[in-house]
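Trainee: Encoded as structure tokens, here's the structure I'll be asking about.
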Amino acid sequence: MLAEGKKLSGVTLFRILAFHLSALLVFFTGYSTTALVCFLVLYVTRFWAIAGGYHRYFSHRSYDTSRAFQFLLALAGSSAGQKGPLSWATSHVCHHRYSDQPGDPHSPVTGGVFHAYLGWLLARDALPTDESQVKAWAAYPEILFLNRYHYVGTLGLMIGLYALGEYLAAGYPKLGTSGLQLLVWGFILSTLLILHGACLVNSVTHLTGYRRFDTADQSRNVWWLLPVLWGENWHNNHHHYPCSARTTVAWWELDPVYLGLRLFERLGLVWNVRGGKCRD
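See the structure below:
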């Protein structure tokens with residue numbers, strides 16, 4: 001289950017199991033249009049914060065942005081429960097440096113499928129922060145704060161959803177929602193979907209699919225994962241051009257995360273978007 005030499009974190013194992021079991025509350029809370037909208041909005045925004053923020057910005061710096069928007073990306077990403085931006089980026093930098101070799105934190109080639117999918121997160125030293133790997137961000141105290149206290153975004157979102165649900169239940173009962181219902185749909189279910197999206201990238205995209213480029217690893221493009229990975233599924237393309245903000249090469253390959261980035265560029269929120277054959 002764990003790579004050789006790694007020690008199991010009982011606390012992390014309990015948290016992951018408890019979080020998955022908490023999804024069963026959906027059979028108690030039921031659903032409403034309000035809850036479904038909340039689920040969709042928070043899934044889309046926080047998935048983009050991980051894929052477009054944690055991944056393409058903090059890990060690869062494939063575009064530039066303001067300090068304020070940078071903070072919002074970190075805050076939104078931290079609310080998805082995947083620790084802080086610098087911890088995430090540290091592991092991802094190591095993944096590219098040692099891809100499918102000893103030192104890769106989540107390779108199915110060296111550690112097995114379960115290790116790559118979820119097992120690596122159960123180690124006591126999973127997602128460490130190495131500031132030498134993310135020097136550009138260590139100069140921002142607000143980013144260091146969110147990285148250290150990454151649970152602030154998570155807890156803030158949970159409390160906000162519950163409070164909103166209770167307010168709507170009291171003031172607008174015809175909506176048929178409640179604090180617990182919004183918490184389950186807006187946070188628990190959407191967070192689990194985002195988590196398992198990341199798990200699919202770490203495992204399946206190194207096991208099956210086609211290879212356009214002869215990279216030194218086993219990264220692959222998996223077209224059928226597009227609906228759940230939004231462009232992160234073109235993994236072989238990404239490993240060949242890691243700092244490109246776009247993961248597509250062929251005309252028929254779609255990258256919704258990149259389309260969102262272009263929208264932000266038009267709005268003036270990001271600039272210097274790096275695309276094409278970017279390998280530095």
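Position 220, counted from 1, in the sequence shown is what UniProt numbering calls 220; the numbers after and before it change by one each time, with no gaps.
Note that CB positions come from ideal geometry on N, CA and C, so glycine has one too.
From a predicted model like this one, the values you see are computed outputs, not experimental measurements.
(1) Have a look at the DSSP bridge pairing and note the partners of A169.
(2) Roughly how many angstroms lie between the CA atoms of F69 and L75, to the nearest whole one?
(3) Taking 8 Å as the cut-off, decide whether the C-beta atoms of P128 and T154 are in contact.
(4) Does the distance from the CB of F58 to the CB of W137 come in under 8 Å?
(5) Along the chain, where does the alpha helix (DSSP H) that runs through Q133 open and close?
(6) Is DSSP giving T215 helix, strand or coil here?
(7) Just how far apart, CA to CA, sit L81 and E142?
(8) With residue 281 and V273 assumed to form a contact (beta carbons below 8 Å), what rounded beta-carbon distance in angstroms separates them?
(9) Which residue comes first and which comes last in the alpha helix (DSSP H) that contains R15?
(10) Based on the DSSP output, what are the partners of T65 in its beta bridges?
(11) So P102 is in the alpha helix (DSSP H); what residue range does that whole segment cover?
(12) Mind checking who Y210 pairs with in its DSSP beta bridge?
(13) Less than 8 Å between the beta carbons of V270 and L261, yes or no?
(14) How far does the alpha helix (DSSP H) with H115 in it reach, from first residue to last?
(15) If we define contact as Cβ-Cβ less than 8 Å, is L122 a contact residue for chain C?
(16) Among the residues of its own chain, which have a CB less than 8 Å from the CB of residue 286, if the five just before and after it don't count?
(17) Quick one: Cα of R148 to Cα of G84, how far?
(18) When the Cβ atoms of the segment 38-49 are set against those of the segment 187-202, are three or more pairs found closer than 8 Å?
(19) Output the boundary residues of the alpha helix (DSSP H) element that contains C203.
(20) C243 lies in the alpha helix (DSSP H); which residues open and close that run?
(21) Given a cut-off of 8 Å, decide if S178 and S99 are closer than it, judged by their beta-carbon atoms.
(22) Would the beta-carbon of A245 fall within 8 Å of that of G275?
(23) Quick one: what's got a C-beta closer than 8 Å to N221's C-beta in the same chain, skipping five residues either side?
(24) For the alpha helix (DSSP H) that L182 lies in, which residues bound it at each end?
(25) Taking Y43 as part of the alpha helix (DSSP H), name the residues at either end of that continuous run.
(26) Where does Q101 land, buried or exposed, given buried means 16+ other C-beta within 10 angstroms?
(27) What's the C-alpha gap between H115 and A126?
(28) Does DSSP classify A139 as helix, strand or coil?
Mentor: The structure says:
(1) Residue pairing of A169 in beta bridges, as defined by DSSP: absent, with no partner found.
(2) If I take the Cα positions, the gap works out to 10 Å.
(3) With contacts defined as CB atoms closer than 8 Å, P128 and T154 fail to qualify as a contacting pair.
(4) Yes, the Cβ-Cβ distance between F58 and W137 is below 8 Å.
(5) Note, Q133: premise wrong, no alpha helix (DSSP H); not H, not E.
(6) T215: coil per DSSP, three-state reduction.
(7) For the record, residue 81 in the displayed sequence is Gly; it is not Leu. For G81 and E142, the distance between alpha carbons rounds to 18 Å.
(8) The structure shown does not extend to residue 281, since the chain spans only 1 to 280, so no value can be given for it.
(9) Segment 10-22, the alpha helix (DSSP H) holding R15.
(10) Checking the DSSP bridge columns, you'll see T65 partnered with V270.
(11) In the DSSP assignment, P102 falls outside any alpha helix (DSSP H) and carries neither an H nor an E.
(12) For Y210, which the question treats as bridged, DSSP gives the partners N221.
(13) In this structure, V270 lies near L261, with their beta-carbon atoms less than 8 Å apart.
(14) H115 -> alpha helix (DSSP H) spans 113-117.
(15) The chain inventory of the structure shown lacks chain C, comprising one protein chain alone.
(16) The question about residue 286 has no answer, for the chain in this structure spans 1 to 280.
(17) Rounded to whole angstroms, R148 to G84 spans 7 Å at the Cα level.
(18) They touch, by the three-pair rule.
(19) The question names Cys, but residue 203 is Ser in the sequence shown. Looking at the DSSP string, the run of the alpha helix (DSSP H) that includes S203 is 190-203.
(20) Note, C243: premise wrong, no alpha helix (DSSP H); not H, not E.
(21) It is not a contact, given that the beta carbons lie outside the stated cut-off.
(22) With contacts defined as CB atoms closer than 8 Å, A245 and G275 qualify as a contacting pair.
(23) Here the set comprises T205, G209, Y210, R211, R212, N233, W234, H235, N236, N237, E253.
(24) Run containing L182: 179-182, per the alpha helix (DSSP H) assignment.
(25) Residues 33-48.
(26) Classification for Q101: exposed.
(27) If you take the alpha carbons of H115 and A126, they lie about 12 Å apart.
(28) Looking at A139 - three-state DSSP - the assignment turns out to be coil, as it is neither helix nor strand.
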